[in-house]
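Colleague: Once you've had a glance at the structure underneath, I'll fire off some questions.
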Amino acid sequence: MKIERKFPKITVTDKAVRALKGGHPWVFADEIISVDGSYENSELVDVFSLKNRYMGTGFINDNSKIRVRVISKNANDKFDLAFWERRIRYAIDYRKTVMGKDFNCCRLIFGEADQFPGLTVDRFGTVLVTQCLSLGIDRIKDVIYKTIIDVLREMGETIDVLYERNDVKIREKEGLEEYKAFYEYDGLKADTDGKTIITENSIKYNVDYINGQKTGFFLDQKYNRLAAAKIAKGRKVLDCFTHTGAFALNCAAGGAESVTAVDVSKDAIEMTKLNAEMNGFSNIDFLCCDVFELLTKMAESGKCPYDYIILDPLAFTKSSATVKNAERGYKEINMKAMKLLPRGGYLSTCSCSHFMKDELFRKMLHSAAADAGVELRQIEARQQAPDHPILWNVPETDYLKFYIFQVV
Numbered sequence: 213m214k215i216e217r218k219f220p221k222i223t224v225t226d227k228a229v230r231a232l233k234g235g236h237p238w239v240f241a242d243e244i245i246s247v248d249g250s251y252e253n254s255e256l257v258d259v260f261s262l263k264n265r266y267m268g269t270g271f272i273n274d275n276s277k278i279r280v281r282v283i284s285k286n287a288n289d290k291f292d293l294a295f296w297e298r299r300i301r302y303a304i305d306y307r308k309t310v311m312g313k314d315f316n317c318c319r320l321i322f323g324e325a326d327q328f329p330g331l332t333v334d335r336f337g338t339v340l341v342t343q344c345l346s347l348g349i350d351r352i353k354d355v356i357y358k359t360i361i362d363v364l365r366e367m368g369e370t371i372d373v374l375y376e377r378n379d380v381k382i383r384e385k386e387g388l389e390e391y392k393a394f395y396e397y398d399g400l401k402a403d404t405d406g407k408t409i410i411t412e413n414s415i416k417y418n419v420d421y422i423n424g425q426k427t428g429f430f431l432d433q434k435y436n437r438l439a440a441a442k443i444a445k446g447r448k449v450l451d452c453f454t455h456t457g458a459f460a461l462n463c464a465a466g467g468a469e470s471v472t473a474v475d476v477s478k479d480a481i482e483m484t485k486l487n488a489e490m491n492g493f494s495n496i497d498f499l500c501c502d503v504f505e506l507l508t509k510m511a512e513s514g515k516c517p518y519d520y521i522i523l524d525p526l527a528f529t530k531s532s533a534t535v536k537n538a539e540r541g542y543k544e545i546n547m548k549a550m551k552l553l554p555r556g557g558y559l560s561t562c563s564c565s566h567f568m569k570d571e572l573f574r575k576m577l578h579s580a581a582a583d584a585g586v587e588l589r590q591i592e593a594r595q596q597a598p599d600h601p602i603l604w605n606v607p608e609t610d611y612l613k614f615y616i617f618q619v620v
């Protein structure tokens, strides 16, 4: 069937066609063969194969190596308000279904997994925090943000604040500026201090959505924290890279004899203290230091007062070029933790980097265990919470690896 063009025509290589047919939404700069028609960056273009087969429509950006981000493969789609409202309702309905009572605090939009390339929208109660990393979506953000708010309010949800956390360097690759700002629309507040309180797994947290990492809180580990807490009862827990204390607090709530929360950031430790006090936990102490140095010192002293160690570092790699260095970093902390733990002790360990593939992470853990002279008994293998859905045809959406072991 012949498809009539609605937008400038981009003809792409067979490699790009295979990727698009397989479900991946990106066309890279070196996959474009020819351009028929004129456009401005961020506008929509139609993508065709060399055989003149319509492959989809997406945003184009000459600033980016990801030249076209396909948003639809339906030639009949009209990219109007109704189109974006359907997409938003679909994403929100999915969260209401899979998150249930946790819908009040979850990720509402997860980029390509929801066919909103480069867009993140996190909900912290009455606060929405967004991050936009693609030019095409950035140009229509007003339509998207206003529609999200309208749809949520129509459902009876209260939204008081929308804050844009566009303070990430990757925006430069899209030709976008970095900034942070309150968004103005229909009664939204813009004079808050950037802090709110959320409840996750029955635990309260202070969230600093202006200055905290990413959007202010890591929602993807929600159910992994519960899994980690299940085995914490009566144990002495060392929570490494604690950030705002989420794993530490879950373990404290799970009945741990004691928990030590460690982070190199003074601000993170102060926030963890506030969170512990707010929840009334008295079985947590706090240590501001470098985790690598701490594990090394304990290994050298031969003394480890802990029988459960949790390793939840920030991504050691954000590109394929640095994977080998990241693998060495992951191996170092995991091997030291395995050596420190007594036989029968427990280890929760994870990686939040897409580039650190699960196969490579498992290989690293095997190697670390061998070098530590221990064996691992796997208790659980987990991934991100379902509000961060994984599209099997878009491997970039599959990023979080989480394992719980007993050291034997």
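Numbering (our numbering), first residue to last: 213 to 620. Every residue gets a Cβ at the ideal spot worked out from N, C-alpha and C, and that includes glycine. Being a predicted model, the structure only gives us computed values, none of them experimental.
Which residues in the same chain as Ala538 place their Cβ atom closer than 7 Å to its Cβ, once the five residues preceding and following it in sequence are excluded?
Modeller: Numbered from its first residue, the sequence shown carries residue 538 at position 326. If we look at Ala538 and ignore the five residues flanking it on each side, its Cβ neighbours are Phe528, Thr529, Ser565 and Met568.
Colleague: Taking the runs of the alpha helix (DSSP H) that are 4 residues or longer, which of them lie wholly in the region 310-388?
Modeller: Those alpha helix (DSSP H) runs which fall completely within the region 310-388 and span 4+ residues are 347-351 and 353-366.
Colleague: Rounded to the nearest angstrom, what separates Asp599 and Ile349 at their Cα positions?
Modeller: For the purposes of this step, residue 599 is taken as residue 387 along the sequence shown, with counting starting at 1. For the purposes of this step, residue 349 is taken as residue 137 along the sequence shown, with counting starting at 1. For the pair Asp599 and Ile349, the Cα-to-Cα distance works out to about 20 Å.
Colleague: Return the CA-CA distance between Phe614 and Leu523, expressed in angstroms with no decimal places.
Modeller: As a working mapping, residue 614 is identified with position 402 in the sequence shown. As a working mapping, residue 523 is identified with position 311 in the sequence shown. Spanning the two alpha carbons is a distance of roughly 10 Å.
Colleague: Find the nearest neighbour of Leu293 within the set Tyr395, Lys442 and Lys358, judged by alpha-carbon distance.
Modeller: Taking the sequence shown and counting its residues from 1, one reaches residue 293 at position 81. The shortest Cα separation from Leu293 among Tyr395, Lys442 and Lys358 belongs to Lys358.
Colleague: Could you tell me the alpha carbon to alpha carbon distance between Val229 and Ile356, rounded to whole angstroms?
Modeller: Residue numbering aside, residue 229 sits at position 17 when the sequence shown is read from its first letter. Residue numbering aside, residue 356 sits at position 144 when the sequence shown is read from its first letter. Near 29 Å, if we compare the C-alpha coordinates of Ile356 and Val229.
Colleague: Please report the residue range of the beta strand (DSSP E) in which Ala393 lies.
Modeller: To locate residue 393, count along the sequence shown from 1; it is residue 181. For Ala393, the enclosing beta strand (DSSP E) starts and ends at Tyr391 to Phe394.
Colleague: Just curious, the beta strand (DSSP E) that Ser532 is in, first and last residue?
Modeller: Position 320 of the sequence shown holds residue 532. DSSP places Ser532 outside any beta strand (DSSP E), giving it a letter other than H or E.
Colleague: Out of Ala597, Ser250, Ile222 and Gly492, which has the shortest C-alpha to C-alpha gap to Ala241?
Modeller: The count along the sequence shown starts at 1 and reaches residue 241 at position 29. Ala241 has its Cα closest to that of Ile222, out of Ala597, Ser250, Ile222 and Gly492.
Colleague: Could I get the ranges of all uninterrupted beta strand (DSSP E) runs contained in the region 469-521, with 3 residues as the minimum, in chain order?
Modeller: You should have 470-475 and 496-500.
Colleague: Secondary structure at Gln590, three-state DSSP: helix, strand or coil?
Modeller: The residue you call residue 590 lines up with position 378 of the sequence shown. If DSSP states are grouped into helix, strand and coil, Gln590 belongs with the strands.
Colleague: Would you kindly report the start and end of the unbroken alpha helix (DSSP H) that includes Asp226?
Modeller: As a first step, residue 226 must be located in the sequence shown, where it is residue number 14. Taken as a continuous stretch (DSSP letters only), the alpha helix (DSSP H) holding Asp226 covers Asp226 to Lys233.
Colleague: Could you compute how far the alpha carbon of Ile545 sits from the alpha carbon of Ser250?
Modeller: Residue 545 sits at position 333 when you count from the first residue of the sequence shown. Residue 250 sits at position 38 when you count from the first residue of the sequence shown. Cα to Cα, the separation comes out at about 52 Å.
Colleague: What residue does the beta strand (DSSP E) around Ile258 start on, and which one ends it?
Modeller: Position 46 of the sequence shown, counting from 1, holds the residue named residue 258. Note on identity: in this sequence residue 258 is Asp, with Ile being the wrong assignment. Unbroken beta strand (DSSP E) run through Asp258: Leu256 to Phe260.
Colleague: Report the residue from Glu243, Val373 and Gly312 whose alpha carbon sits nearest the alpha carbon of Asp334.
Modeller: As a first step, residue 334 is located in the sequence shown; it is residue number 122 there, counting from the start. Ranked by Cα distance from Asp334, the options Glu243, Val373 and Gly312 are led by Val373.
Colleague: Can you list, in chain order, the residues of its chain with a C-beta nearer than 6 Å to that of Met576? Leave out the 5 residues immediately preceding and following it.
Modeller: Within the sequence shown, numbered from 1, the residue matching residue 576 stands at position 364. Within the same chain, Met576 has close Cβ partners Glu539, Tyr542 and Lys543.
Colleague: Which partner residues of Lys416 appear in the DSSP bridge assignment?
Modeller: Counting from one through the sequence shown, the residue named residue 416 turns up at place 204. Answer by DSSP bridge pairing, in chain order: Thr411.
Colleague: Verify whether the separation of the beta carbon atoms of Met547 and Ala593 is less than 8 Å.
Modeller: Within the sequence shown, residue 547 is the residue found at index 335, counting from 1. Within the sequence shown, residue 593 is the residue found at index 381, counting from 1. No. Outside cutoff.
Colleague: Nearest CA to the CA of Val339: which residue from Lys290, Arg299, Lys401 and Glu297?
Modeller: Numbered from its first residue, the sequence shown carries residue 339 at position 127. Ranking Lys290, Arg299, Lys401 and Glu297 by Cα distance to Val339 puts Lys401 first.
Colleague: Rounded to whole angstroms, how far is the Cβ of Gly406 from the Cβ of Asn423, which I believe are closer than 8 Å?
Modeller: Counted from its first residue, the sequence shown places residue 406 at position 194. Counted from its first residue, the sequence shown places residue 423 at position 211. With 8 Å as the limit, Gly406 and Asn423 qualify as a contact, their Cβ atoms being about 7 Å apart.
Colleague: Just how far apart, CA to CA, sit Phe617 and Arg589?
Modeller: For the purposes of this step, residue 617 is identified with residue 405 of the sequence shown, where counting begins at 1. For the purposes of this step, residue 589 is identified with residue 377 of the sequence shown, where counting begins at 1. Going by the C-alpha atoms only, they are around 5 Å apart.
Colleague: Buried or exposed: His455, going by 16 or more other Cβ atoms within 10 Å of its Cβ?
Modeller: One-based indexing of the sequence shown puts residue 455 at position 243. Buried, by the Cβ-count rule.
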